[in-house]
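Below is one structure; the comments refer to it alone.
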Amino acid sequence: MTDEKKKGLSSNQLKFIISGGLFLIAVVILIISATRGTAEFFMTIEELKLSEKDLQDQNLRVSGAVLGESIYFEPETGLLHFTIAHIPADEDLIKEEGELSKVLHQAVSNPDNPRISVVYEGAMPDMLRNESQAILTGQLNSEGVFVAEELLLKCPSKYEEALPDQAE
Amino acid sequence: MISSFGYLILALAFLLALYGLVILIYGLIQKIPAFIESARLALVLIFPLVTAGMAVMVFLLLNDRFDVAYVYSVSSREMPAYLKLTALWGGQEGSLLFWSWLLSGFSLVFASRKFREERDLFPWAMLVSFVLLIFFLGLNVFLATPFERFWHFSDGGRLLSVFQPQNVWLLTPRDGQGLNPLLRHPGMIWHPPALYLGFVGFVIPFGLAIATLVTKRRDGRWIELSRPWILTAWVFLSLGLVLGMRWAYDVLGWGGYWGWDPVEIAALMPWLSATALIHTALLQRKGNGYQRWNLSLIILTFSLVIFGTFITRSGVLSSVHTFAGSDIGPAMFIIMGIVSIGGLGLLIYRWRDFGSIQEIEFGFSRDVLTLFSNLVFLSILMVCFLGVIYPIFSDLLTGTQVTVGPAWYERITGPLFLLLLLLMGLCPLAAWGLTQINKLRHRLIILIPASLLVPLLSWLLGNVKSIYTLVALWWAGMASFVILWEYIRAVQRALKGSSNYILRALWQPLKRNRRRYGGLLVHFGVVLMSLGIIGLEGLQQETQVRLKRGESASIGAYQYTFEGVERFADTETATTQAVLTILDQGQPEGALYPSREVYANLGMAVTIPGVKSDLSLDHYAILVDWQPDLPDEATFRIFVNPLVNWLWIGSGVLTLGTIVAVLPKPRKINIK
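So the sequence lines, in the order shown, correspond to chains F and D. Numbering follows the numbering used here, with no gaps: position 36 of the first sequence is 1061. Numbering follows the numbering used here, with no gaps: position 664 of the second sequence is 676.
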């Protein structure tokens, strides 16, 4: 931080640089090891279906539209089951096809759309319902069921909804 | 009609800001003080105008004027008045209006001060205020106006407009959509304004830093002037973060408080750089060094503030917080570029003028530890930034999007936060300048064994096994011992001196040396907060069980018995509430009431955890599943969360400490 660099580094500055450097190397090592252990591959359901076998035990993150009728809570095991349908991953593509609520609606109504069953242990989230967007992290098991560890839900913003009806 | 009036007032404020900027620049170029004064008056006038605009919005909200699209989208008839009021920042347009209001308010406080020594800095800081006001008021007027109303054509077609177009009629919905029930929690109601106060509070320090760079003023006056602003903004930012945590803990019901969501991280990042700045500002005040460093940090902080606002308001990242289909993304991107590239460019241009004259010797000293803490804060910041951009980056490099989740952040930042805990314990021991370790020996002989008692006792009595948690408890113990020790020594000194009353002596250190003991109190608050975090991260126990009426589940020495379900309803909600009684080693400990509220007309359900909380731990239960056809059976998720309350108590202590540090020294008044 001084202008003395041109004259060469003093031993005092060297001590700062070495200790700071060692610390930063430790942080980088931490980052690399954490990335190896926990990074998740973001995939669409379509991609997931194509390479199902290679992806087992891999940390994955998928996003899809929730099918309302498929939601089922199994009291005996405490497991929550539901199915999600493919939606495009790209935000731009979603914009091209219309607003998020329309994309979710189409994804759910089209029976040819790739789908995947999900199982999750835990409370039924308040926003889990038909045509909400689920963002899941977890792994594929040997039967091709997605075992979710984390479940994030997004409902289309109310700003996109149609304008209100006229008051009487 | 009144909504058009509100709009016109905002438009007037916008024009006034434009006028102020032009006349200020002209005055600066031509060196005409009267023009600069005129700009100052314009800045003073903007605040009452924006206040009037906001008052119109509040009036519309309180009077259920659902013909206004914003009121329709965030309010509803059955909401209580205070919720209608706070719906002001419940949606995009309103919160941007609130932003502008805070910005104009801070500018007013700044512009109405007397500036004697800072005549040179002041106009440039004003210039920064004007640019930001033009931008945010511009958003309010052109891109995200809260005053648009619904209109319909005779054929049923509809449109949104502030003023009445031709051949259309006003459309007045019977009721609004109302505030999302998940957000109707005190934590979530006060979380946005606290964060915004924190965000906007950095405007003045940023403006002063820009002014310093332009005027090449090297005496560090900007940092002295900025200090109360930085600390105030910082404490609001801290409170905003804690309120968000509290909301997540009380409402989201996963037994956690922080999910490493991109939007949470976006608010954490300016907090980290501001915290780093507060620490190196101390170094600058000691020896007027680190000028470039501190200037860089304030530019970084303010860029991160704008980045945070951009992330929350533009929808670039998929997150629970984002507003979909936002139009203001590109505009926010532009102001982010102006702030960060402009600030950085100016800093580089003036780099040689702010060279350091202060040299710190390497060793065990408060200076070196402060620098090291800076490195840790900025490393955490770097990790956060990396995590946020990782998906975009990996997509570009490999074609597959790789994302990182909470586990990733926790693994990297855990050890770094732990290191900060250690530094908080070591720092008060070291003096400014080099400390001889020998001189500390007699204190370390007592402190180290005493602090080791904390993990030892938790291991023996609390059955804590994880080394990680034990180390965290040790360092938290050490930091609190050191801080208490420092305080007791100061009280002793006060007792030896003039003060004979214990109570007065207890207050004396905080009065005499506000900065030092206020700062220590803030650290003490942080250590207390860390206890809550250690409790949740390291000591939490949980179980998920299906229980019939009368059956019980146990965690450790606690037994939870399902006593049955009650159902009741009011106009808006139908509630199912379960009762779980708690036994602690056979002794009754009260009950938990986890519930589920269904908002029929909103088609939404909210799961509310049952919590029983005291200083040692929280019992926390969620009603996972209950069906009317099997009324005597239910599934619960039950948590024992040790020490959580200290997270909230600590944030109170932190606030108190900041107030002590910010308050100006009381002037001595001689009464004779």
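Built from N, CA and C at the ideal position, the CB exists for glycine as well.
{"query": "Does the beta-carbon distance from valine 80 of chain D to serine 15 of chain D come in below 8 Å?", "result": "yes"}
{"query": "Note down, in chain order, each residue of its chain lying with its Cβ closer than 6 Å to the Cβ of valine 1133 of chain F, except the 5 sequence neighbours on either side.", "result": "Ala1090, Leu1092, Ala1110, Glu1156"}
{"query": "Proline 731 of chain D: buried (16+ other C-beta within 10 angstroms of its C-beta) or exposed?", "result": "This structure does not reach residue 731 of chain D, given that chain D is present from 13 up to 684, and the question cannot be answered."}
{"query": "How about the segment 339-349 of chain D and the segment 404-419 of chain D: do they share at least three Cβ pairs that are nearer than 8 Å?", "result": "no"}
{"query": "Please specify which runs of the alpha helix (DSSP H), each continuous and at least 4 residues long, are wholly inside the segment 23-81 of chain D, giving them in chain order.", "result": "45-74"}
{"query": "Between glutamine 589 of chain D and glutamate 578 of chain D, how many whole angstroms is the CB-CB distance? I'm expecting something under 8 Å.", "result": "5 Å"}
{"query": "Enumerate, from N- to C-terminal direction, the unbroken beta strand (DSSP E) stretches of 3 or more residues contained entirely within the segment 230-283 of chain D.", "result": "none"}
{"query": "Starting from alanine 590 of chain D, trace the alpha helix (DSSP H) both ways and give me its first and last residue.", "result": "Careful: alanine 590 of chain D lies outside any alpha helix (DSSP H), inside the beta strand (DSSP E) at 585-596."}
{"query": "Compute the Euclidean distance between the alpha carbons of tryptophan 246 of chain D and valine 1144 of chain F, then round it to the nearest angstrom.", "result": "42 Å"}
{"query": "Can you tell me whether DSSP reads threonine 425 of chain D as helix, strand or coil?", "result": "helix"}
{"query": "What does aspartate 1151 of chain F reach in chain D if we use C-beta pairs closer than 8 Å?", "result": "Leu194, Met616, Ala617, Val618, Thr619"}
{"query": "What residue does the alpha helix (DSSP H) around methionine 344 of chain D start on, and which one ends it?", "result": "341-361"}
{"query": "Reducing DSSP to helix, strand and coil, say where isoleucine 634 of chain D ends up.", "result": "strand"}
{"query": "Using a C-beta cutoff of 8 Å, does arginine 1140 of chain F count as contacting chain D?", "result": "no"}
{"query": "Could you name the residues of the same chain whose beta carbon sits closer than 6 Å to that of leucine 551 of chain D, not counting the 5 residues immediately before and after it, in chain order?", "result": "Pro654"}
{"query": "Can you list the residues of chain F that serine 88 of chain D reaches, using a CB-CB cut of under 7 Å?", "result": "Those do not exist, as serine 88 of chain D stays about 11 Å from chain F at its closest Cβ, beyond 7 Å."}
{"query": "Give the secondary structure of isoleucine 1050 of chain F by DSSP, where H, G and I count as helix, E and B as strand, and everything else as coil.", "result": "helix"}
{"query": "Between the Cα of valine 380 of chain D and those of F/Ser1058, F/Gly1045, F/Pro1113, spot the shortest distance and give me the residue it belongs to.", "result": "F/Gly1045"}
{"query": "Note the first and the last residue of the continuous beta strand (DSSP E) segment covering glutamate 1174 of chain F.", "result": "1171-1179"}
{"query": "Between D/Leu482, D/Glu90, D/His454, which has its C-alpha nearest glycine 190 of chain D's C-alpha?", "result": "D/Glu90"}
{"query": "Please identify, using Cβ separations under 9 Å, the residues of the segment 356-383 of chain D that lie next to chain F, in order along the chain.", "result": "Arg364, Gly367, Ser368, Ile369, Gln370, Glu371, Ile372, Glu373, Phe374, Gly375, Val380, Leu383"}
{"query": "Taking the straight line between their C-alpha atoms, what separation do you get for glycine 213 of chain D and glycine 219 of chain D?", "result": "11 Å"}
{"query": "Is isoleucine 323 of chain D closer than 8 Å to cysteine 396 of chain D when the C-beta atoms are compared?", "result": "no"}
{"query": "Are the beta-carbon atoms of isoleucine 216 of chain D and phenylalanine 154 of chain D separated by less than 8 Å?", "result": "no"}
{"query": "Could one say the Cβ of serine 330 of chain D lies closer than 8 Å to chain F's Cβ atoms, at least one of them?", "result": "Note that serine 330 of chain D has pLDDT 46, beneath the 50 cutoff, so the model's placement of it is unreliable and the number below is only indicative. Interface residue, yes."}
{"query": "Report the residue from D/Lys523, D/Gly547, D/Gln520, D/Tyr499 whose alpha carbon sits nearest the alpha carbon of phenylalanine 4 of chain D.", "result": "Any question about residue 4 of chain D goes unanswered here, given that chain D covers just 13 to 684."}
{"query": "The segment 1068-1085 of chain F: which residues have C-beta closer than 7 Å to a C-beta of chain D, in chain order?", "result": "none"}
{"query": "Can you find at least 3 beta carbon pairs, one from the segment 57-69 of chain D and one from the segment 20-34 of chain D, that sit closer than 8 Å?", "result": "yes"}
{"query": "Please list, in chain order, the chain A residues whose beta carbon lies closer than 9 Å to that of arginine 258 of chain D.", "result": "You won't find chain A in this structure, because its protein chains are F and D."}
{"query": "Cα separation between arginine 297 of chain D and glycine 232 of chain D?", "result": "8 Å"}
{"query": "Do threonine 555 of chain D and isoleucine 567 of chain D have their C-beta atoms within less than 8 Å of each other?", "result": "yes"}
{"query": "From the DSSP output, read off the bridge partner residues of glutamate 578 of chain D.", "result": "D/Gln589"}
{"query": "Assuming contact is defined by CB atoms lying nearer than 8 Å, are glutamine 1158 of chain F and leucine 1178 of chain F in contact in what I supplied?", "result": "yes"}
{"query": "Should the segment 139-149 of chain D be regarded as contacting the segment 110-117 of chain D, the criterion being three or more beta carbon pairs within less than 8 Å?", "result": "yes"}
{"query": "Are the beta-carbon atoms of valine 494 of chain D and leucine 441 of chain D separated by less than 8 Å?", "result": "yes"}
{"query": "Using a Cβ-Cβ distance cut-off of 8 Å, determine whether valine 416 of chain D contacts chain F.", "result": "yes"}
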